[in-house]
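For the sequence shown, position 24 (counting from the first letter as 1) is numbered 24 according to full-length UniProt numbering, and the numbering increases by one without interruption. For glycine and all other residues, C-beta sits at the position ideal for the given N, C-alpha and C. Notes follow the structure.
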Amino acid sequence: MNMLIHAGKKLYICEVCNKSFTQKGNLNNHILVHTGEKRYVCKLCNKSFALKCNLKRHMLNHTGHRPHVCKVCNKSFVQKIGLSNHMLIHTGEKPHLCEMCNKSFREKSHLNSHMLIHTGEKPHSCEVCNKSFVQKSCLNNHILCHTGKRPYVCEICNKSFTVKCRLKSHMFIHTAKKPRVEDM
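Below is the structure:
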């Protein structure tokens, strides 16, 4: 950071988390993370985004255009970064290391989520009961307990579940085949 100051570049610092940026526009985009403002809405599925570029990228999901193809398994991706992250599955590489516990991750975002375990931070709160969660996906699963929705239904006995992994565990009753952890 000091090198930027010496080079005559101004630093713009987020007042919420102290993250720094060399361009004011990047700081303004970053602040949307804290405000939760998402003014760009997909007209096809109502998913909302803080940035217009993210909505444009999302729209590729609806067109089915996935130009980045894995040469190993032919899985295709909307973005090149998706393919790059996917390739780590084939190589087994986990380049993002937690300095606190030495656990490694394929994706930087997974490391960032993991770091919240060490800090104790739970940034995702339920608006109904104020219970907080480390991961947004855990909050989304929790919200289902308030709505009563149980979208995962066993095709054999019609028992329903709020999360997919519970349905997969339940299937053991019918198949006598224990589900693998990576399938959950």
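{"Asked": "Quick one: residues in its chain with C-beta nearer than 6 Å to the C-beta of Phe77, no 5 flanking neighbours on either side, listed in chain order?", "Found": "Arg66, His68 and Leu83"}
{"Asked": "So Leu124 packs on Ser132, CB below 8 Å; how close in whole Å?", "Found": "The sequence shown places His at residue 124, rather than the Leu named in the question. With 8 Å as the limit, His124 and Ser132 qualify as a contact, their Cβ atoms being about 7 Å apart."}
{"Asked": "Taking the alpha helix (DSSP H) that Gly25 belongs to, which residues open and close that run?", "Found": "Lys24 to Thr35"}
{"Asked": "Tell me the rounded alpha-carbon separation between Leu111 and His96.", "Found": "6 Å"}
{"Asked": "Do His30 and Cys42 have their C-beta atoms closer together than 7 Å?", "Found": "no"}
{"Asked": "Under 7 Å, do Leu32 and Ser20 count as touching if we go by C-beta distance?", "Found": "no"}
{"Asked": "Over the uninterrupted alpha helix (DSSP H) stretch that includes Ile87, give me the two end residues.", "Found": "Note on identity: in this sequence residue 87 is Met, with Ile being the wrong assignment. Lys80 to Thr91 is the extent of the alpha helix (DSSP H) around Met87."}
{"Asked": "Here's the rule I'm using: 16 or more other beta-carbon atoms within 10 Å means buried, otherwise exposed. How should residue 185 be labelled?", "Found": "Past the edges of the chain, shown from 1 to 184, lies residue 185, and the structure says nothing about it."}
{"Asked": "Nearest CA to the CA of Met115: which residue from Met100, Cys73, Val16 and His174?", "Found": "Met100"}
{"Asked": "Closest by CA to Val128, which one among Leu55, His90 and Cys145?", "Found": "Cys145"}
{"Asked": "Go through its chain and collect everything with a Cβ distance to Leu27's Cβ below 8 Å, but skip five positions before and after it.", "Found": "Tyr12, Ile13, Cys14 and Phe21"}
{"Asked": "DSSP beta-bridge partners for Val69?", "Found": "Ser76"}
{"Asked": "If you reduce the DSSP assignment to three classes, tell me which class Leu55 lands in.", "Found": "helix"}
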